[in-house]
Amino acid sequence: MQGLYEAKLLSYPRTDTPFITENEFAYLKANFGKYSGFLGLDLEMVQTEPRKRYVDGSKVQEHHAIIPTKQVPTESALAKMDDLQRKIYALVVKTTVAMFLPDYLYEETKIQTKVADLLFQSIGKTPKQEGWKILFKQQTKEEKEDVQTLPLVIIGERAEVGVKSVEKETQPPKAFTEGTLLTAMKTANKTVDDEEAIKILQEVEGIGTEATRASIIEALKQKEYIQVIKNKLVVTEKGKLLCQAVESQHLLTSAEMTAKWETYLKKIGKREGNQENFITNIKKFIVHLLEAVPNDIEKLNFSDYQEQKEKEAEKSIVGKCPKCGNNIVLKKSFYGCSNYPECKFTLAEHFRKKKLTKTNVKELLEGKETLVKGIKNKEKKPYNAVVKIGEKGYIDFISFSK
1 MQGLYEAKLL SYPRTDTPFI TENEFAYLKA NFGKYSGFLG LDLEMVQTEP
51 RKRYVDGSKV QEHHAIIPTK QVPTESALAK MDDLQRKIYA LVVKTTVAMF
101 LPDYLYEETK IQTKVADLLF QSIGKTPKQE GWKILFKQQT KEEKEDVQTL
151 PLVIIGERAE VGVKSVEKET QPPKAFTEGT LLTAMKTANK TVDDEEAIKI
201 LQEVEGIGTE ATRASIIEAL KQKEYIQVIK NKLVVTEKGK LLCQAVESQH
251 LLTSAEMTAK WETYLKKIGK REGNQENFIT NIKKFIVHLL EAVPNDIEKL
301 NFSDYQEQKE KEAEKSIVGK CPKCGNNIVL KKSFYGCSNY PECKFTLAEH
351 FRKKKLTKTN VKELLEGKET LVKGIKNKEK KPYNAVVKIG EKGYIDFISF
401 SK
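Just so we're aligned, residue 1 is where the sequence shown starts under UniProt numbering, counting upward by one.
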């Protein structure tokens, strides 16, 4: 998505708003021919006026919904994209074009069947006009189940019925992706029970804002509370410890706190509340946390977290320190001795802007010469070089190699 934005094919991608303003509508309308041409379809624009389902300036905050720009990629540009980028771009274009196409029309039939004193209802749907659905030929499982035809029956007709027992197992909730977590943050009202809190959270659109939600998730990743595994967000052992440390602080772990604060901020805005009281209460809350949470932390079991950190440390070991014999581990941007600060031996992660392989590093630490491939000269032409750790502890160039 970011690559398509940087290529000026899509608008700003870090938004979860499904609406555009009338300005964007006019822009997309003017480029309708380009978009339908990209899809290889001869389509007629039917919906020429903005409709609230898509166009609502009052619901657009910092950024509008993701839309295509007037710059449509050529076949050669498409060929250079990866498969996921092509699919994403096509989906955005289809969703945009669908806004201008006829409605999807269907005929719905309802049959009520009385069995003893119970009334059962069956609903069938028969498509009458494909409309915008012509763009989305591949139906999802849910859509296929939604389109069901019913048999022809006569009112009052007697029918044979059967009872079938089906065994199913409940499934755990699906793991969040970054996209679904953004949605969950926006719809945090679904996680609280208090009606007033639900109403407030609906008004403020949940936790964070459109501009800050993505950065909140990014901060959690950087602090190693969560990690991405196969496109799914997974809580780390460190993250689990954090959750356990604050789980007794209900207000801190519930979206209700956002609702309570927003409620009082509204009162301040209406001059019905005092901002000094609000800040004083927040200070008291912070003091309470500083007193209570450390006690909760002392009760935690750190063994799983320590085990995870030890495994990570083992993976980062690349060899032995040539000075003191302790382990050499990968730091943020260099290799260093685990016996720091007693031993200050370090080794650069790059040689002439070329990242060293683990084999390179191991051979260097063993005092051997190693071959670094693909270094680029000033003319950006690649060459190979044989290097070795010199007497001063730096990586020294020995010779060129083919």
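Think of the CB as a built atom: it goes at the ideal place given N, C-alpha and C, for glycine as much as any other residue.
Note that the structure is predicted; figures quoted are calculated from it, not measured.
What are the boundary residues of the alpha helix (DSSP H) that includes LYS380?
Unbroken run through LYS380: none, as it is neither H nor E.
Please state the DSSP three-state secondary structure of SER248.
coil
Judging by CA-CA distance, which residue of VAL361, THR357, PHE345 is the nearest neighbour of LYS392?
Checking every option, the nearest Cα to that of LYS392 belongs to PHE345.
Does the segment 344 to 361 touch the segment 273 to 289, meaning 3 or more C-beta pairs lie closer than 8 Å?
Short answer: they don't touch.
Counting only runs of 3+ residues fully inside the segment 291 to 323, write out the beta strand (DSSP E) ranges in chain order.
317 to 320
Element boundaries [alpha helix (DSSP H), containing GLN202]:
195 to 204
Nearest to THR212 (by Cα), restricted to the options LEU119, TYR394, LYS186, LYS137:
Shortest Cα-Cα distance from THR212 to any of LEU119, TYR394, LYS186, LYS137 involves LYS186.
Distance, GLU205 Cα to LEU91 Cα
26 Å
Nearest-angstrom beta carbon gap, ASP16 and residue 405 [assumed within contact, 8 Å]:
Only positions 1 to 402 of the chain appear in this structure, which leaves residue 405 out of reach.
Take SER36 and list the residues in its own chain whose beta-carbon comes closer than 8 Å to its own, dropping the five residues that flank it on each side.
ASP42, LEU43, VAL97
Go ahead and pull the three-state DSSP assignment for LYS396.
Per the sequence shown, the amino acid found at residue 396 is Asp instead of Lys. Three-state DSSP puts ASP396 in a strand.
Residue from VAL386, ARG352, TYR12 whose Cα sits closest to the Cα of LYS378:
ARG352
Helix, strand or coil, according to DSSP, for GLU107 in the structure here?
strand
Does the Cβ of CYS243 have 16 or more other Cβ atoms within 10 Å, making it buried, or fewer, making it exposed?
exposed
Measuring only the C-alpha atoms, how far is THR177 from ASP396?
46 Å
What do you reckon, are the CB atoms on GLU349 and TYR340 nearer than 8 Å?
no
Per DSSP, what are the beta-bridge partners of LEU233 in this structure?
Looking at the DSSP output, LEU233 shares a beta bridge with VAL228.
At the level of alpha carbons, what is the spacing between ASP103 and ALA184?
29 Å
Give me whichever residues DSSP pairs with LEU330 in a beta bridge.
TYR335
Taking C-beta to C-beta, are ASP304 and GLU247 nearer than 8 Å?
For ASP304 and GLU247, no; Cβs fall outside 8 Å.
Look at the Cβ atom of ALA255, then the Cβ atom of ILE216, and state whether they are nearer than 8 Å.
no
Looking at C-alpha atoms only, which residue of GLY325, PRO73, ASN326, GLU22 is the closest neighbour of LYS59?
Closest by alpha carbon: GLU22.
Just the C-alpha distance for ILE398 and ASN384, rounded to the nearest angstrom, thanks.
11 Å
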